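Visitor:
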Amino acid sequence: MTNQSPLYRGRFAPSPTGPLHLGSLLAALISYLEARRQGGEWWVRIEDLDPPRTQPGASDAILRSLEAHGLAWHSTVMHQSQRSEAYQKAIEALYNRDLLFWCRCSRKQLTGTQVYPGTCRACRQPRADAAIRFQTPAVEDRFTDLFQGPQQSRLAHDYGDVVIRRRDGLFAYQLAVVVDDIDQGMTDIVRGIDLLSSTFWQRALYRALGHDCPSYAHFPVLVHADQKLSKQNFAPALNNQQAVDNLMQLWHWLGLTIERDTPEYMLAEASAQWSPSSLQTIREIEI
Ligand code: GLU
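Reading the sequence shown from the start, the letters are residues 8 to 294 in the numbering used here.
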């Protein structure tokens, strides 16, 4: 698949583990507003990589909610469940560059270790019943995040070697997201701050696969009563019948003053008002 990139192409990439809630709608909205501010495209990708965590009907429900809130995407929606061949090809490319090893360490063996200690690095040949790890390069990496400012890491020391295919054969998020973002020609990754720590691994994978890294913008998470608003703590599913009210709530959280109107009209207004500076340096949005 080749997609010629425009100057700016961003995406919203939800995992369909349940319907959207206000927090995930905010994530969609921020990436959408930033794409529009840049005069770019905004795509949607469904990250249904992990069948046991995928909730039947959730992909469809997510897309219907985006539509109900006026969030129209470019191009066709990619589903990670259809992408095994591309992920396997990337594994072959990394294997040919001798950047992979097969790891049979159990969770128990690794308990208490923050960074994988490199135990199985010598195991360079494919074997069954083993996870595949990408050998993280011993380099220092730096980038500037649009919201969070300058970031730096000594990759191997701070993060260690990362699993890119799990022992049960499922491809891991870290690999899939990079392969998809490359194949879809994404220029800008706008997502929640909880994924900031994955970014160094992903940047190393881009380089190992022979590609330039995109730009990054990690926005603050919504916090309610000291807890991240997520499906895990039962943030209620969006009511699409109240799309205008939902959007009014999001404008309030983003500090935008938008008059009540149709979702499409309000989104156009919000795109004109939106500036990333409103989210720079804060790590949480209290609601
Ligand atoms: N699928 C991931 C999630 O829902 C987001 C991945 C990304 O934006 O890189 O948390």
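Note that beta-carbon positions come from the ideal geometry of N, C-alpha and C, so glycine has one too.
Note that this is a predicted model, so its numbers are computed, not measured.
#1: In its own chain, which residues sit with a C-beta less than 7 Å from the C-beta of Met255, not counting the 5 before and 5 after it?
#2: Can you tell me which of the three DSSP states Met273 falls into?
#3: Kindly provide the ranges of any beta strand (DSSP E) runs that are 3 or more residues long and lie completely inside the stretch 78–141, ordered along the chain.
#4: Going by DSSP in three states, Tyr180 sits in which element: helix, strand or coil?
#5: How would you write the range of the beta strand (DSSP E) that Leu229 sits in, first residue to last?
#6: Buried or exposed, going by whether 16 or more other CB atoms sit within 10 Å of the CB of Gln142?
#7: Tell me, please, which residues DSSP counts as bridged to Thr151.
#8: Which one of Thr264, Arg161, Ala20 has the shortest CA to CA distance from Ala183?
#9: Helix, strand or coil, according to DSSP, for Ser284 in the structure here?
#10: Examine the Cβ distances between the stretch 130–145 and the stretch 188–196 and report whether three or more of them are shorter than 8 Å.
#11: What residue ranges within the stretch 184–211 form continuous beta strand (DSSP E) runs of no fewer than 3 residues, ordered along the chain?
#12: Return the bridge partner residues of Leu52 from the DSSP annotation.
#13: Candidates Val122, Val186, Cys112, Arg149: which alpha carbon is nearest Arg174's?
#14: Identify the residues that DSSP records as bridge partners of Glu293: which are they?
#15: Would you say Ala20 touches ligand 1, meaning its beta carbon is less than 7 Å from a heavy atom?
#16: Using 10 angstroms around the beta-carbon of Val84, count the other beta-carbons present and answer buried if the total reaches 16, otherwise exposed.
#17: Rounded to whole angstroms, what is the Cα-Cα separation between Ile163 and Gln209?
#18: If contacts are defined as beta-carbon pairs under 8 Å, then Ala35 and Arg104 qualify, I think. What distance do you get, rounded to the angstrom?
#19: For a test of the three-state rule: what should DSSP assign to Gly30, helix, strand or coil?
#20: Might you give, ordered along the chain, the residues of its own chain that have their beta carbon closer than 7 Å to the beta carbon of Val146, omitting 5 neighbours on each side?
#21: Per DSSP, which residues does Ala224 bridge with? Please list them.
#22: Rounded to whole angstroms, what is the Cα-Cα separation between Asn247 and Arg172?
#23: Quick one: give me the first and last residue of the alpha helix (DSSP H) that Val251 is part of.
#24: Can you grab the Cα-Cα spacing for the pair Arg52 / Ser282, in whole Å?
#25: Tell me, please, which residues DSSP counts as bridged to Val169.
Guide: Let me spell this out:
#1: Arg267
#2: helix
#3: 107–110, 138–141
#4: helix
#5: 228–231
#6: buried
#7: Pro157
#8: Ala20
#9: helix
#10: no
#11: 195–199
#12: Per the sequence shown, the amino acid found at residue 52 is Arg instead of Leu. Bridge partners of Arg52: Met85.
#13: Cys112
#14: Val230
#15: yes
#16: exposed
#17: The sequence shown places Ala at residue 163, rather than the Ile named in the question. Those two C-alpha atoms are separated by around 13 Å.
#18: Wrong, their Cβ atoms sit about 36 Å apart, outside the cutoff.
#19: helix
#20: Leu162
#21: Val197
#22: 37 Å
#23: 250–261
#24: 24 Å
#25: Phe141
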